[in-house]
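Below: one structure, written as structure tokens.
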Amino acid sequence: MADIANLRPATRPSIVDYVSLRNINLHFPAAPDPWHRPGKSQPCTAAVKLSYSSAVAAANADDVSLSLDYGKLYRRIETAVRDSVKPQDGGRLSQAAEVTLSNDVRVIAGLIASCGLGLLDETIAGVRRMDHIQAYPESPSRRRASQASRRLSGVSASVPKNFQSATSPEVLNDMFGECEVLLHLPNAHLRAEGGLSFRTVQTWVYADDSASLENVVESSRQVAIVEQEFRVEGIRCHCILGVNSHERIEKQAVIITLDFRGSGEVAWASTFLNTYQEMVRTIAEVKSGKHVLPNGGSPCYFHRSHSYDGLWQ
């Protein structure tokens, strides 16, 4: 396997198409429930955005097989998620599997992203196989399929190490694939009325040591997480706000949103998942707009919070 430091994504094509699925309703133990019980099902809404290049080939060839089937994508996600929470032998999941599924929302998000990128890979492979279809003169559709496949086969010319390919945007590019997954758990925390959201972006990456596109795809393609985001919305706390004496008599309700964004590294995301329950509880019980962290750390200020009377930074 190539060293992680040498893995690079392909250059983003000039034309990128998207397949988006929104409001996929799931109900499974994706994270601890509001009462901190692992393994308990709770509502979860998923959205998927699969980016690839390009659907122009399907339009030019008038061949739907050159495009991505969003129905297949939905069914694949539904099946994968359902199978992930039940053992293959019909018994119970192992304790380790239950803990992983019910405590780490990244597991399900990664599973969904794998479904998207897997479907894209299979679609590209199917287009490649069309090159072997015998083109009969009496079958215009087969002629078009063979022509489209020959166009696609032409992209196996050599590419620079930085993958800045000059291939036509009409080609279904087998170098670029990206999947963004958003999970929303509205009941993840009793103190957060907007719940917990997790977003991840995963893409194909390659070892920067090959000059041939075919060699790159066949020998060094991997999937890497390039971005992660956790968002906790609707944390309500009551604080004394203002500097005038009459403003300091009554507390005001403040609604706070926490937004944590970072790279695909495991450490910081794991730290968030292990601490956000206590973090939200501490913020909800804060007595003023400035608070000293429980571990004795420096004071922190709320960002992107607001009161009913206006916006507070």
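Going by the working numbering, the sequence shown opens with residue 89, and the numbers climb by one from there.
Heads up, the beta-carbon is just placed ideally off N, CA and C, and yes, glycines get one too.
Within a Cβ cutoff of 7 Å, which residues of the same chain sit near residue i, ignoring the five residues on either side of it in sequence?
{"i": "GLY204", "result": "VAL136, LEU138, LEU161 and CYS267"}
{"i": "SER376", "result": "Because the pLDDT of SER376 is 49, which lies under 50, any placement of that residue in the model is unreliable, and the number read from its coordinates should be weighed accordingly. Here the set comprises CYS327 and ILE328."}
{"i": "GLN310", "result": "LEU95 and VAL293"}
{"i": "LEU199", "result": "ALA168, VAL169 and SER172"}
{"i": "PHE360", "result": "PHE318 and PHE348"}
{"i": "ALA372", "result": "ARG279, ILE323, ARG324 and CYS325"}
{"i": "PRO225", "result": "Only weak support is given to the placement of PRO225: the predicted model assigns it a pLDDT of 44, under 50, and the value that follows is read from those uncertain coordinates. Here the set comprises nothing."}
{"i": "VAL331", "result": "none"}
{"i": "PRO101", "result": "SER141, SER142, PRO257, ASN261 and PHE264"}
Can you tell which of the options has the C-alpha that lies nearest to the C-alpha of residue i?
{"i": "PRO131", "options": "LEU284, ARG100 and GLU321", "result": "LEU284"}
{"i": "VAL314", "options": "VAL193, ALA357, LEU156 and SER129", "result": "ALA357"}
{"i": "LEU208", "options": "GLU166, LEU156, ARG163 and ARG216", "result": "LEU156"}
{"i": "THR211", "options": "GLN365, GLY265, ARG287 and ALA372", "result": "GLY265"}
{"i": "VAL269", "options": "THR99, ARG194, HIS334 and ARG336", "result": "ARG194"}
{"i": "ALA146", "options": "ASN261, ARG349 and PHE348", "result": "ASN261"}
{"i": "ILE196", "options": "GLY214, ARG216 and GLU166", "result": "GLU166"}
{"i": "TYR140", "options": "VAL374, HIS334 and VAL107", "result": "VAL107"}
{"i": "ALA134", "options": "LEU271, ASN148 and THR99", "result": "LEU271"}
{"i": "HIS115", "options": "ASP150, LEU273, SER153 and TRP123", "result": "LEU273"}
{"i": "TYR158", "options": "LYS128, ARG125, ILE112 and ASP192", "result": "ILE112"}
{"i": "ALA201", "options": "VAL331, ARG287, ARG100 and GLY214", "result": "ARG287"}
{"i": "THR99", "options": "MET263, ARG163 and ARG216", "result": "MET263"}
{"i": "GLY352", "options": "VAL215, GLN365, GLN316 and TRP123", "result": "GLN316"}
{"i": "THR370", "options": "SER129, GLY282 and ILE344", "result": "ILE344"}
{"i": "VAL354", "options": "ALA312, ARG110, HIS124 and LEU154", "result": "ALA312"}
{"i": "LYS128", "options": "VAL152, ASP192, LEU154 and VAL215", "result": "ASP192"}
{"i": "ARG163", "options": "LEU109, ASP150 and ALA213", "result": "LEU109"}
{"i": "ILE103", "options": "VAL144, GLU366, TRP123 and ASN332", "result": "VAL144"}
Using DSSP with H/G/I as helix, E/B as strand and the rest coil, what is residue i?
{"i": "LYS160", "result": "helix"}
{"i": "TRP123", "result": "coil"}
{"i": "ASP105", "result": "strand"}
{"i": "HIS277", "result": "coil"}
{"i": "LEU208", "result": "helix"}
{"i": "GLY283", "result": "strand"}
{"i": "GLU366", "result": "helix"}
{"i": "SER333", "result": "helix"}
{"i": "GLU321", "result": "strand"}
{"i": "VAL247", "result": "Since pLDDT at VAL247 reaches only 38, below the 50 mark, its modelled position is unreliable, and no value is offered."}
{"i": "THR345", "result": "strand"}
{"i": "SER139", "result": "strand"}
{"i": "VAL374", "result": "coil"}
{"i": "GLU268", "result": "strand"}
Give me, in chain order, the residues of the same chain whose beta-carbon lies closer than 6 Å to that of residue i; leave out the 5 immediate sequence neighbours on both sides.
{"i": "PRO97", "result": "THR291 and VAL293"}
{"i": "ILE337", "result": "none"}
{"i": "TYR364", "result": "none"}
{"i": "GLY282", "result": "GLU321 and GLY322"}
{"i": "VAL289", "result": "GLU268, VAL314 and GLU315"}
{"i": "GLU335", "result": "none"}
Spatial neighbours of residue i within its chain, please: CB distance less than 8 Å, with the 5 preceding and 5 following residues excluded, ordered by chain position.
{"i": "HIS326", "result": "LYS339, GLN340, ALA341 and VAL342"}
{"i": "VAL368", "result": "HIS277, ARG279, ALA280, VAL320, ILE323 and LEU346"}
{"i": "VAL374", "result": "CYS325 and CYS327"}
{"i": "HIS124", "result": "GLN365"}
Would you list the residues sitting across from residue i in a DSSP beta bridge?
{"i": "GLN316", "result": "THR288 and GLY350"}
{"i": "ASN113", "result": "THR133"}
{"i": "CYS203", "result": "According to DSSP, which records beta bridges pairwise, CYS203 is partnered with nothing at all."}
{"i": "VAL311", "result": "TRP292"}
{"i": "ARG96", "result": "TYR294"}
Would you mind giving the Cβ-Cβ distance between residue i and residue j, rounded to the nearest angstrom? I have them listed as a contact below 8 Å.
{"i": "ASN362", "j": "ASP121", "result": "ASN362 to ASP121, Cβ: 17 Å. No contact."}
{"i": "GLY214", "j": "SER153", "result": "7 Å"}
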